[in-house]
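J.: Residues 299 to 486 in our numbering are what the sequence shown lists, from first letter to last. Glycine included, each C-beta is placed from N, C-alpha and C at the ideal position. The model shown is predicted, which means the values in this text are computed figures rather than measured ones. One structure, pasted below without further comment.
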Amino acid sequence: MFDREAGRMPVSRSTASGCTVQGVFRYEGISRDIFHMAKFSGHRSLADFLISSGLKRIPAMDKVSLWVPVPPDHFRLLQRGLSIPDRMAWRLSRLTDIPCHLDGEPPLPGSEQKSMPRHLRAQRYAGRWGNTLRNRAGKKVSGVVIIDDLVTTGETLSSFERSLVEQGATVLYAVALFDAPLRLEEEV
Numbered sequence: 299m300f301d302r303e304a305g306r307m308p309v310s311r312s313t314a315s316g317c318t319v320q321g322v323f324r325y326e327g328i329s330r331d332i333f334h335m336a337k338f339s340g341h342r343s344l345a346d347f348l349i350s351s352g353l354k355r356i357p358a359m360d361k362v363s364l365w366v367p368v369p370p371d372h373f374r375l376l377q378r379g380l381s382i383p384d385r386m387a388w389r390l391s392r393l394t395d396i397p398c399h400l401d402g403e404p405p406l407p408g409s410e411q412k413s414m415p416r417h418l419r420a421q422r423y424a425g426r427w428g429n430t431l432r433n434r435a436g437k438k439v440s441g442v443v444i445i446d447d448l449v450t451t452g453e454t455l456s457s458f459e460r461s462l463v464e465q466g467a468t469v470l471y472a473v474a475l476f477d478a479p480l481r482l483e484e485e486v
C-alpha cells in the first residue's frame, strides 16, 4: 500500500553546482508525513521503514565505490544515534558491499553511542565539511555517491560536493530519500 501511495520516483535534477540528485520519494502525502515523524519525532522504526523502501528504488550502482552521507548539522540528531543519511549509507554499505564513510568514524552501536558523553559525541562531527574524506596514500577517491535525507535548494549538497572534490574525490551523483525542489512561482 505504501508503494502505491508514495507514487513514482521524482525525475533526477541538477543542483546549481551541477551535481545530479536522484530522489527516491516525492515529498508529498503519506511519505512526507512518515518522514516528518521519523526525522523530527525520533521514530527510528519509521526511518528504517523509509530507508528499506527507498533502497529498492536507488538507480544503478555499477560505478559506485564509496557512499558518503552529508554530515548532520544539528547536534540534537546525535542524541538518537546516527542521522538518517548515516543510516542510509550504512544500510547501503551492508546491502551492496560498497564501503561507506561516516565522517571519518565507523558507526557506533546504539549502546556505545549512548554511553559516550555529549561532548565526545559532538566532537565526532565537529570537523563538518573540512576533513570529511581522508585520501589514503594521496590517491583520488573515485565513484563517490553523496547520501542525504532531504534536498530542497541543493545548497548544502553543493557545498558538501565542492568540499569532497577539493579533497580529491570524484562525485558521481547524489541520492536523496526525498527530493523537494522549491517551487518558485513567477510574479505576475
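Would you tell me roughly how many angstroms separate the C-alpha atoms of T450 and S456, rounded to the nearest one?
T.: The residue labelled residue 450 in the question sits at position 152 within the sequence shown. The residue labelled residue 456 in the question sits at position 158 within the sequence shown. C-alpha separation (whole angstroms): 11 Å.
J.: Rounded to the nearest angstrom, what separates Q377 and P479 at their Cα positions?
T.: Numbered from 1 along the sequence shown, position 79 holds the residue referred to as residue 377. Numbered from 1 along the sequence shown, position 181 holds the residue referred to as residue 479. Its pLDDT being 48, under 50, Q377 is placed unreliably by the model, and nothing is read from it.
J.: M307 by DSSP, collapsed to three states: which one?
T.: Here residue 307 refers to the residue found at position 9 when the sequence shown is read from its first residue. It is coil, neither helix nor strand.
J.: Please state whether DSSP places G316 in a helix, a strand or coil.
T.: Along the sequence shown, read from residue 1 onward, the residue named residue 316 stands at position 18. Coil, per DSSP.
J.: Could you please give the first and the last residue of the uninterrupted beta strand (DSSP E) stretch that includes S440?
T.: Counting from one through the sequence shown, the residue named residue 440 turns up at place 142. Per DSSP, S440 belongs to the beta strand (DSSP E) from V439 to V449.
J.: Within a Cβ cutoff of 8 Å, which residues of the same chain sit near L390, ignoring the five residues on either side of it in sequence?
T.: Your numbering for residue 390 matches position 92 in the sequence shown. Only L353, I356, W365, I396, C398 and I445 meet the Cβ criterion.
J.: Taking its Cβ as the centre, do 16 or more other Cβ atoms sit within 10 Å of V287, making it buried, or is it exposed?
T.: Shown here, the chain extends from 299 to 486; a query on residue 287 therefore has no answer.
J.: Please name the residue in V463, V443 and G466 whose C-alpha comes closest to that of Q320.
T.: The residue you call residue 320 lines up with position 22 of the sequence shown. Taking only the C-alpha atoms, the option nearest Q320 is V443.
J.: Under the rule that 16 or more other beta-carbon atoms within 10 Å means buried, what is L393, buried or exposed?
T.: If you number the sequence shown from 1, residue 393 lands on position 95. L393 is exposed by the Cβ-count criterion.
J.: Expressed to the nearest angstrom, what Euclidean distance is found between the alpha-carbon atoms of P383 and V368?
T.: Translated into positions along the sequence shown, residue 383 becomes position 85. Translated into positions along the sequence shown, residue 368 becomes position 70. Those two C-alpha atoms are separated by around 7 Å.
J.: Between M386 and the rest of its own chain, which residues show a CB-CB distance below 6 Å, the 5 nearest in sequence each way excluded?
T.: Against the sequence shown, residue 386 aligns to sequence position 88. Hits under 6 Å: I349 and I445.
J.: Rounded to whole angstroms, what's the CA-CA distance from R342 to L475? Just pull it up for me.
T.: In the sequence shown, the residue the question calls residue 342 occupies position 44. In the sequence shown, the residue the question calls residue 475 occupies position 177. Their Cα atoms are separated by approximately 15 Å.
J.: Could you check which residue in T313, D346, A314 and S315 has the C-alpha nearest to that of S329?
T.: By one-based count along the sequence shown, residue 329 stands at place 31. Closest by alpha carbon: D346.
J.: Going by beta-carbon coordinates alone, are P296 and D447 separated by less than 7 Å?
T.: Not covered by the structure: residue 296. The range shown for the chain is 299 to 486.
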